[in-house]
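Counting with the working numbering, you get residues 340 to 660 for the letters of the sequence shown.
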Amino acid sequence: MADDARRGAGWSRHGVALIAGACVLAYAVFIQVYFGWSVVLANWADIGAPTILASILALVGTQFIRTHRMASYFPDLSRGSFLQLYRLTQIHNLLNIMLPFRSGEVSFPVLMRAEFGLPVMRGASALVVLRLLDLHALTLAAGLALVAKAGFSFLAWALWTVFLLLPLLFFPISRRLVGWLQSRAPKRLADKLAQVADGLPAHLPAFLLAWALTVLNWLIKVAALGLSLSMMGVAPLAAAFGGAVGGELSSVLPFHAPAGVGTYPAGIAAGAVAFGAARSGAGFSDLLQAAVNGHLLIVVSALAATALALPLSSRKRSSEG
């Protein structure tokens, strides 16, 4: 356990800096080859520094919400571990951005074991629940655009409300299913299933808190990205928010390129077109540039959040020493 902790600490100090550097270099080359930095910076200048800074601050703020969700999901972690958990969340987020096909997800249970001694099965189980909540919240956001497109009819609202309440069914069913499997499994497998059960929320209030924080996180993130895309020329407004949801769905689903290069902008473009953006001509060209700029905004905010985690966690270690 001590060796795992030392490896985790070493990774926190050196691995994050290496990944961040690789991320910056790879994306800088991609932007130059396919668009040219002069074009990108001209677009950002048109938006204005205050708006860009506000968007980055809002996106960085969502990382603190995600950390609070983790802290509330694992109430048995030691007191005063929020900054440590924040650093871990940023490492996990950066690995998810950099590594393809969601392979960065594997880092979460490994890091939780190294930093907090959490069993891998418990960390993996918790991650599955949290990712399902993420996907649910993103689909809800897309559903609102569909409700608007349907003219806010009663049937559309009713279907959206039913989908909204689905997690309330998930909580009791999941615990009963794991308990049923555990009672019928061999002892060795039953022990593993017990760790899976430990990764589920302990009670309904804990689940509702995780659910509420998930919705708040995605509400802020989609709003910040959607408004930014709108100011970059994506129209109508529903298309800008559809693009924000499409980009984030591309990062949650399995087909995700390293650093999201190509797949994230494609998700933005597909989501925007689905909700009324131009499919050809100058409007579509503007959409593609906005999609790249929107992706760049996400990468910059992730790097900023990670950069913030390093001095905060260093201060935490110094105070403990």
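Glycine is no exception: its CB is placed at the ideal position from the N, C-alpha and C atoms.
Rounded to a whole number of angstroms, what is the C-alpha to C-alpha distance between residue 375 and residue 567?
20 Å
Using a threshold of 7 Å, state whether the C-beta atoms of residue 429 and residue 644 are closer than that.
yes
Among 588, 646, 593, 574, nearest to residue 621 - alpha-carbon criterion
574
The alpha helix (DSSP H) that contains residue 426, what's its start and end?
421 to 437
Nearest candidate by alpha-carbon position, reference residue 564, set 514, 632, 452:
632
Are the beta-carbon atoms belonging to residue 662 and residue 472 less than 7 Å from one another?
An answer regarding residue 662 cannot be provided, because it is not within the stretch 340 to 660 covered by the chain.
Where does residue 662 fall in DSSP's three states?
One cannot answer for residue 662 here, as it falls past the ends of the chain, which runs 340 to 660.
Taking the straight line between their C-alpha atoms, what separation do you get for residue 456 and residue 614?
46 Å
Compute the distance between the beta-carbons of residue 585 and residue 601, then report whether it is under 7 Å.
no
Helix, strand or coil: how does DSSP classify residue 614 here?
coil
If I'm right that residue 401 touches residue 556 with Cβ under 8 Å, what's the distance once you round it to whole angstroms?
5 Å
Any idea if residue 412 is buried or exposed, counting beta-carbon neighbours within 10 angstroms, 16 or more meaning buried?
buried
Using CA atoms only, rank isn't needed, just tell me which of 599, 485, 571 is closest to residue 378.
571
So, residue 463 versus residue 439, is the Cβ gap smaller than 7 Å?
no
Quick one: residues in its chain with C-beta nearer than 6 Å to the C-beta of residue 649, no 5 flanking neighbours on either side, listed in chain order?
none
Would you call the region 508 to 515 and the region 482 to 498 in contact, with 3 or more CB pairs under 8 Å?
no
Supposed contact pair residue 553 and residue 408 - C-beta distance, whole angstroms, cut 8 Å:
7 Å
Using 10 angstroms around the beta-carbon of residue 628, count the other beta-carbons present and answer buried if the total reaches 16, otherwise exposed.
buried
Proximity winner among 603, 577, 641, 637, relative to residue 612 (alpha-carbon distances):
577
Give me, in chain order, the residues of the same chain whose beta-carbon lies closer than 6 Å to that of residue 425; leave out the 5 immediate sequence neighbours on both sides.
406, 648
Within the same chain, show all residues whose beta-carbon is closer than 7 Å to that of residue 618, passing over the 5 residues directly before and after it, in chain order.
612
Element boundaries [alpha helix (DSSP H), containing residue 475]
459 to 488
Just to confirm, are residue 630 and residue 616 a CB contact at a threshold of 7 Å?
no
Report the rounded CA-to-CA distance for residue 539 versus residue 468, giving the unit in angstroms.
7 Å
Short of 7 Å in beta carbon distance, which residues of its chain neighbour residue 543, apart from the five on each side in sequence? Order them along the chain.
510
Buried or exposed for residue 384, going by 16 or more other Cβ atoms inside 10 Å?
exposed
Residue environment, residue 637, which counts as buried when at least 16 other CB atoms sit within 10 Å
buried
Quick one, are the C-beta atoms of residue 662 and residue 434 less than 7 Å apart?
Summary: the structure shown does not reach residue 662, with the chain confined to residues 340 through 660, and so no result is reported for it.
C-alpha distance - residue 559 paired with residue 444, whole-angstrom precision
23 Å
Residue 470 versus residue 587: straight-line alpha-carbon distance, rounded:
12 Å
Could you give the C-beta distance for residue 495 and residue 486, rounded to a whole number, given that I count them as a contact under 8 Å?
5 Å
Neighbourhood of residue 546 by C-beta distance below 7 Å, restricted to the same chain and skipping five residues each side:
510, 540
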